[in-house]
Structures are given as C-alpha cells and as structure tokens.
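As structure tokens, the structure follows; a few thoughts come after it.
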Amino acid sequence: MDGVILTPLKQIYNPRGDIFHAMKKSDDGFNGFGEAYFSTIHKDDIKGWKKHISMTLNVVVPFGEIEFVVYDEDKKEFFSVKLSQNNYQRLTVKPSLWMAFRGIEELNMLLNLASIEHNPNEAVNIKLDEIKYEW
C-alpha cells in the first residue's frame, strides 16, 4: 500500500536481557522526530479509527501481539499486519491514512516514534463502525 512501509528489525538476544532495535535516523520511514510514546492495549480491545494530517507513525511492538489495520479511503484498500516479538518489524504509516489496532495477547505494548509532537487538532477520529472491517 502506498504510504505504508514494513521494516524488519534487529533483535539481539542476551541471557541478561535482550535489545530490540526500533529506528535510526538513516532508516526508510524516518521523517523527523517529534516524540516517542508507549501505549498498551488489552486482548480483543480495538483502538481507532484515526487519521493523522501531518504525523508519520513508526510503530513497533516489543511486548505482546497487535494487529494493525491501515485503510486508504481514496483507493478503498486495506493493509493489515500482526506485529510481535516473533514478527518484529516497524510499521511506518504516512499521513492521510486511517489506522486502527487490536490487542491479541492479554496485554500488549507498542512504541510510536512520531514525526511531530502530539497535537489534538492534527488528527481526525471516527467510530469503529464508520469503516467496515471484519476483525
């Protein structure tokens, strides 16, 4: 899908604690840095739909498993992927695409490396039933 990049990420295993890479400024999808935040979601809960006007999202799942769905309303096209430690990739979502996500495990955590700082006037939110998707 145009505006979506999946980037395999490196995991370094260590008996005293593992390292999970997230992003370098030289990576495809890096579009500046505004803020980084963690968000949790519980099993079978769904957050979304949200469309950012200016923000590029760079989402990584270091804990649990989360299904992400991106919708391009112009092309009427969906893209979905489940990210976890077993499918450790970064999902980059450019502005103007709708996104929602669902928790798969009991507790799940994502890291978003956002291109700009949060601004509540920069995004549009709609109810889940306004975009028809079979979860």
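Per the numbering used here, residue 1039 is the first one in the sequence shown, and the count goes up by one each step. Backbone N, C-alpha and C define an ideal beta-carbon position, used for all residues, glycine too.
**OP:** Measure the Cβ-Cβ separation of V1119 and A1060 and say whether it is below 8 Å.
**Re:** Contact annotation: V1119 and A1060 have beta-carbon atoms that are not nearer than 8 Å.
Original post:
In terms of DSSP beta bridges, what is T1078 paired with?
Top reply: M1147
Original post:
Do the CB positions of G1070 and M1137 come within less than 8 Å of each other?
Top reply: no
Subject >> Given N1096 as reference, the closest of N1159, H1080, P1133 and K1170 once Cα atoms are compared >> reply: P1133
Subject >> Proximity winner among Y1109, E1160, L1149 and R1128, relative to E1172 (alpha-carbon distances) >> reply: Y1109
Subject >> Beta-carbon spacing of R1140, D1082 below 8 Å >> reply: yes
Original post:
For A1074, does the count of other Cβ atoms within 10 angstroms reach 16, so buried, or fall short, so exposed?
Top reply: exposed
Original post:
Would you report the Cα separation of F1058 and L1151, rounded to the nearest angstrom?
Top reply: The C-alpha of L1151 is placed about 14 Å away from the C-alpha of F1058.
Subject >> Distance between beta carbons of A1161 and H1090, contact taken as under 8 Å >> reply: Right, the Cβ-Cβ distance comes to about 5 Å (below 8 Å), so this counts as a contact.
Original post:
Which residues in the same chain as Y1126 place their Cβ atom closer than 6 Å to its Cβ, once the five residues preceding and following it in sequence are excluded?
Top reply: L1047 and Q1049
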